[in-house]
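Just below is one structure, and these are the notes that go with it.
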Amino acid sequence: MREAVRAPKISSYDYIVIGGGAAGIPLAITLSAHYSVLLLERGGSPYGNPNITSVLKFGSYFLDTSRNSPSQQFISEGVVNSRARVFGGGTSINAGFYSRGERKFNKEARLTDENLVLESYKWIEKVIVFKPVVQKWQSAVRAALLESGITPDNGFTYDHVNGTKVGGTLFDENGTRHTAADLLQYANPKGLSVLLHATVRKILFKTKGRSRPLAYGVVFEDSLGNKHKAYLNGGKTDEIILSAGALASPQLLMLSGIGPKEQLDAHKIKLVLHQPFVGKGMEDNPMNSIFVPSPVAVEPSIVQVVGITRFGSYIEEAGGVNFLISNLSAYQGFSPQMGGFFIEKINGPLSMGELKIKNLNPSDNPSVTFNYFKEPKDLQKCIYGIKTVLNAIESKAFSNYKYANMTVKDILDLNLKLPVNLRVHSNTSTSLEQYCKETVRTMWHYHGGCRMGEVVDHEYKVFGVHALRVIDGSTLLNSPGTNPQASVLMLGRLLGFSQGGWAVADIGLDSSSGTNRCGYKTRIKNPSGCSCEYIRVVKERFRQASFEFLQPLLRLCVEAAVVFSCSRCSAYGIEAAVFGCGRCSAYGVKAATVFGCSRNSTYGVEAAVVFRFGGFVLDPMFGRHCSVYDGEAVAAFNPLLSPVSRRLGSSLTADRDG
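The following block contains the structure:
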């Protein structure tokens, strides 16, 4: 990481990723294995700031309204909200709760390879996710949720399942936060450049003489106001990828000339493409909290226990902290350390709003509405959720943490007086409907604005534009899981494979349909065979050398070119891994066992090891681009090639000079 002020005025890369958040960081890291990648982040580093790194300081940055704060405040319909302005994005400022998305999210996001989804989650979890220590307060809440009917008890799990569970956390046992920034240890330092305090002003497009605009670069500004330009190198796979979040991604599209024509005309922005759906479909998961004063001290804790109901409401907890209310006097004489919060959030709201730009400055907040509880079904979910919370508060399991002489109405009346938002509040509660509307706030899980099927296609490409994608929460149709960060992190990792082309084989191809199991089309026009030039050359070499006994190996290679999709197959023939991976290869041999090159081929495929049979090198198939060799490959190939070795009178060896 380095400051943008140190960046050259002009530079070029294979990929430019805008936004160093939950999606952008794993995406850029994955692409950096084989491409030059520029990752632009408008904020600073999360390291060295105790307000970010310490669990005891959680939420303090929400009160910081300075231009250098890691959290940028915005207000929608009287609800105070925040957007990240720091490397790591939401993972640097949120409550740290980690839970994978439900299975229906994978379908909505067109992620059909469950094995690859799981591997992407595990890639994240290995570095930044921890099993929390459950405090006494949390144990009481957990038991209360079970007693109130949110069953079964699912224990500790990352999975999103109905019932009560303990999820993962980004805070380790010492209370230190880990963020997406920590994933940089995976990056190829020669392939990735990360610039901080780099605010992208607009994306550049070529339009003259083209049926579709072509994204070819960006203009960004450093902390001193100096402008820089970064361009794509011009390769066929080069792209600009927007991962700036649900507010900044649609905002930046509009500032760059892609959006509703009437909005762009109003701000005198040159129209690149009329896209009426940019900024539409904005959703936020409305949240209502209930502070419960306690006769005993409550340990500081942030969301780790959650009850997932069957009627579409999630109930969470936080204890001994005052992150929900900044004014201590508002607690009406009760210390926040002598109490805790029940937090109710509805899932899948039907109410939607809109995002509009206010001016030409990308650093300023756009205008956003979410239309909280506009749809009656959303309000009904909240009422059911609050009823469940009140049942939990009155449960036997929670009795030690509640004053015996306080009724649930007393507790609701107390909470109506807390300044949780900027809306007008009644002095006393008359109905749960009133309580939901008056105390609504955000869970910071807003999404939409570049929704799949409206602004981007199932490959996350912006409709009507070349070399531009959006990969972040703005594309989501619903917020996955109890917290979307796990799914967004996974999405960045997984889609880094697919769009780079070099790892498309990992996603798998259905040879009968000519598309892989994630829906990406193969460039092999005839799924029943391969007419690529490289295959023809290989066949000719085999014929000339009279190596008929190698035909089984050749047939294996030809079939692999059909079974596995590769974005550059038409150029390199069997560029896709000969065996690929166990989950999608018809032959079931994992590439990690057969080829030990960890995908570091300049062709971008695992089939990069050069095998030598006597003096014959199968260069056209594999290419001499990998210096690593796994001895297990010999064992894997022996059943097929032992006759070859005997006939040539030499053993199978690997060329380590590649």
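Per UniProt numbering: the sequence shown = residues 1 to 658.
Don't be surprised by glycine CBs; every beta carbon is placed ideally from N, CA and C.
Report task. Report buried or exposed for Asp-113, applying the criterion of at least 16 other Cβ atoms within 10 angstroms of its Cβ. Result -> In the sequence shown, the residue the question calls residue 113 occupies position 113. With 16 or more other Cβ atoms within 10 Å, it is buried.
Requested in this report: Determine the burial state of Glu-262: buried for a count of at least 16 other Cβ atoms within 10 Å of its Cβ, exposed for fewer.
Outcome: Along the sequence shown, read from residue 1 onward, the residue named residue 262 stands at position 262. Exposed, because fewer than 16 other Cβ atoms sit within 10 Å of the Cβ of Glu-262.
Query raised in the report: Using 8 Å as the threshold, is the region 238-246 in touch with the region 308-316, meaning 3 or more CB pairs across them?
Result: no
Query raised in the report: Does at least one heavy atom of the ligand SAH sit under 6 Å from the Cβ of Met-1?
Result: The ligand SAH is absent from the structure shown, which contains no ligands of any kind.
Report task. Could you spell out the range, first to last residue, of the beta strand (DSSP E) harbouring Ser-82? Result -> Here residue 82 corresponds to residue number 82 of the sequence shown, with the count starting at 1. Element bounds for Ser-82: 79-84.
Query raised in the report: So Leu-422 and Ile-75 are in contact, right, with Cβ under 8 Å, and what is the actual spacing, rounded?
Result: In the sequence shown, counting from the first residue as 1, residue 422 sits at position 422. In the sequence shown, counting from the first residue as 1, residue 75 sits at position 75. That belief holds up - the Cβ atoms of Leu-422 and Ile-75 are roughly 7 Å apart, short of 8 Å.
Report task. Mark Phe-156 as exposed unless 16 or more other C-beta atoms lie within 10 angstroms of its C-beta, in which case mark it buried. Result -> Along the sequence shown, one-based indexing puts residue 156 at 156. Exposed: under 16 other Cβ atoms inside 10 Å.
Query - DSSP-derived helix/strand/coil call for Ile-10 - result: Counting from 1 along the sequence shown, the entry for residue 10 is found at position 10. Ile-10: strand per DSSP, three-state reduction.
Query raised in the report: DSSP on Thr-91, reduced to helix/strand/coil?
Result: Start at 1 with the first residue of the sequence shown, and residue 91 comes out as number 91. Residue state, collapsed to three classes: helix.
Query - Residue closest to Ala-140, alpha-carbon to alpha-carbon, out of Asn-427, Asn-478, Glu-317 - result: Your numbering for residue 140 matches position 140 in the sequence shown. Cα-wise, what sits closest to Ala-140 is Glu-317.
Requested in this report: Just the C-alpha distance for His-447 and Pro-293, rounded to the nearest angstrom, thanks.
Outcome: Reading the sequence shown from its first residue, position 447 is the one you call residue 447. Reading the sequence shown from its first residue, position 293 is the one you call residue 293. Distance between the alpha carbons of His-447 and Pro-293: 33 Å.
Query raised in the report: Between the C-alpha atoms of Gln-185 and Asp-364, what's the straight-line distance to the nearest angstrom?
Result: Within the sequence shown, the letter at position 185 stands for residue 185. Within the sequence shown, the letter at position 364 stands for residue 364. Those two C-alpha atoms are separated by around 32 Å.
Query raised in the report: What whole-angstrom Cβ distance do Asn-483 and Tyr-98 have, given they're in contact under 8 Å?
Result: If you number the sequence shown from 1, residue 483 lands on position 483. If you number the sequence shown from 1, residue 98 lands on position 98. The pair is a contact, with the Cβ atoms about 7 Å apart (cut-off 8 Å).
Query raised in the report: Starting from Gly-235 and walking both ways along the alpha helix (DSSP H), at which residues does that stretch end?
Result: If you number the sequence shown from 1, residue 235 lands on position 235. Where Gly-235 is concerned, there is no enclosing alpha helix (DSSP H), given that its DSSP letter is neither H nor E.
**Report entry** Helix, strand or coil at Ser-313 [DSSP, three-state]
**Finding:** What you label residue 313 is simply residue 313 of the sequence shown in a count that begins at 1. Of the three classes helix, strand and coil, the one that applies to Ser-313 here is strand, per DSSP.
Requested in this report: Since I believe Ile-411 is in contact with Leu-290 (beta carbons under 8 Å), could you give me their beta-carbon distance rounded to a whole number of angstroms?
Outcome: Here residue 290 is taken as the residue at index 290 of the sequence shown, counted from 1. Here residue 411 is taken as the residue at index 411 of the sequence shown, counted from 1. It is worth fixing the name first, because residue 290 is Ile in this sequence and not Leu. Confirmed, about 6 Å.
Query raised in the report: Whose C-beta lies closer than 6 Å to the C-beta of Leu-468 among residues of the same chain, with five residues either side of it excluded?
Result: The sequence position of residue 468 within the sequence shown is 468, counting from 1. Excluding sequence neighbours, Leu-468 sits near Ala-215, Ile-240, Val-462.
Report task. Report, in whole angstroms, the separation of the C-beta atoms of Gly-43 and Ala-84, which I expect to be a contact under 8 Å. Result -> Looking up residue 43 in the sequence shown gives position 43. Looking up residue 84 in the sequence shown gives position 84. Going by Cβ atoms, the distance from Gly-43 to Ala-84 rounds to 7 Å, so yes, they are a contact pair.
Report task. Buried or exposed for Ile-10, please, with buried defined as at least 16 other CB atoms from any protein chain shown within 10 angstroms of its CB. Result -> Here residue 10 refers to the residue found at position 10 when the sequence shown is read from its first residue. Ile-10 is exposed by the Cβ-count criterion.
Query - Inter-residue spacing [alpha-carbon to alpha-carbon] between Leu-264 and Ser-211 - result: As a working mapping, residue 264 is identified with position 264 in the sequence shown. As a working mapping, residue 211 is identified with position 211 in the sequence shown. Going from the Cα of Leu-264 to the Cα of Ser-211 covers about 21 Å.
Requested in this report: Please classify Ala-246: does DSSP put it in a helix, a strand, or coil?
Outcome: By one-based count along the sequence shown, residue 246 stands at place 246. Looking at Ala-246 - three-state DSSP - the assignment turns out to be helix.
Requested in this report: Check Phe-62 in the structure and name its three-state DSSP category.
Outcome: Against the sequence shown, residue 62 aligns to sequence position 62. DSSP places Phe-62 in helix when its eight states are reduced to three.
**Report entry** N- and C-terminal bounds of the beta strand (DSSP E) containing Lys-356
**Finding:** By one-based count along the sequence shown, residue 356 stands at place 356. Note, Lys-356: beta strand (DSSP E), 353-356.
Requested in this report: Name the two residues that bound the continuous beta strand (DSSP E) containing Asp-378.
Outcome: Residue mapping note: residue 378 aligns to position 378 of the sequence shown, counting from 1. Where Asp-378 is concerned, there is no enclosing beta strand (DSSP E), although the alpha helix (DSSP H) it sits in stretches over 376-393.
Report task. Enumerate in chain order the residues of its own chain whose CB-to-CB distance from Leu-350 is below 6 Å, with the five nearest sequence positions on each side excluded. Result -> As a first step, residue 350 must be located in the sequence shown, where it is residue number 350. Only Glu-375, Lys-377, Asp-378 meet the Cβ criterion.
Requested in this report: Could you say if the region 125-144 and the region 189-200 meet the contact criterion of at least three C-beta pairs nearer than 8 Å?
Outcome: no
Report task. Evaluate contact between the region 94-110 and the region 297-304, counting only Cβ atoms and requiring at least three cross-stretch pairs below 8 Å. Result -> yes
Query raised in the report: If we ignore side chains and look at the alpha-carbon of each, how far apart do Ile-343 and Lys-437 end up?
Result: As a first step, residue 343 must be located in the sequence shown, where it is residue number 343. As a first step, residue 437 must be located in the sequence shown, where it is residue number 437. The alpha-carbon atoms of Ile-343 and Lys-437 are separated by roughly 15 Å.
**Report entry** As assigned by DSSP and simplified to three states, the class of Ile-411
**Finding:** Here residue 411 is taken as the residue at index 411 of the sequence shown, counted from 1. DSSP places Ile-411 in helix when its eight states are reduced to three.
Requested in this report: Report all residues from its chain with a CB closer than 8 Å to the CB of Asn-106; omit the five preceding and five following residues, and keep chain order.
Outcome: In the sequence shown, the residue the question calls residue 106 occupies position 106. Answer for Asn-106: Thr-112, Glu-114, Val-117, listed in chain order.
Query raised in the report: Taking just the CA atoms, how far does Gly-235 sit from residue 670?
Result: Outside the displayed span of the chain (1 to 658) sits residue 670, for which this structure offers no information.
Requested in this report: Could you tell me which residues DSSP puts in a beta bridge with His-228?
Outcome: Reading the sequence shown from its first residue, position 228 is the one you call residue 228. Bridge partners of His-228: Phe-220.
Requested in this report: Quickly, what does DSSP pair Met-452 with across the bridge? List them, please.
Outcome: Taking the first residue of the sequence shown as 1, we reach residue 452 at position 452. Answer is Val-456, bridged to Met-452.
Query raised in the report: Buried or exposed: Glu-173, going by 16 or more other Cβ atoms within 10 Å of its Cβ?
Result: Indexing the sequence shown from 1 puts residue 173 at position 173. Answer is exposed; the Cβ neighbour count stays below 16.
**Report entry** CB-CB length for Asp-238 against Tyr-15, believed under 8 Å
**Finding:** Taking the sequence shown and counting its residues from 1, one reaches residue 238 at position 238. Taking the sequence shown and counting its residues from 1, one reaches residue 15 at position 15. Confirmed, Cβ separation roughly 7 Å.
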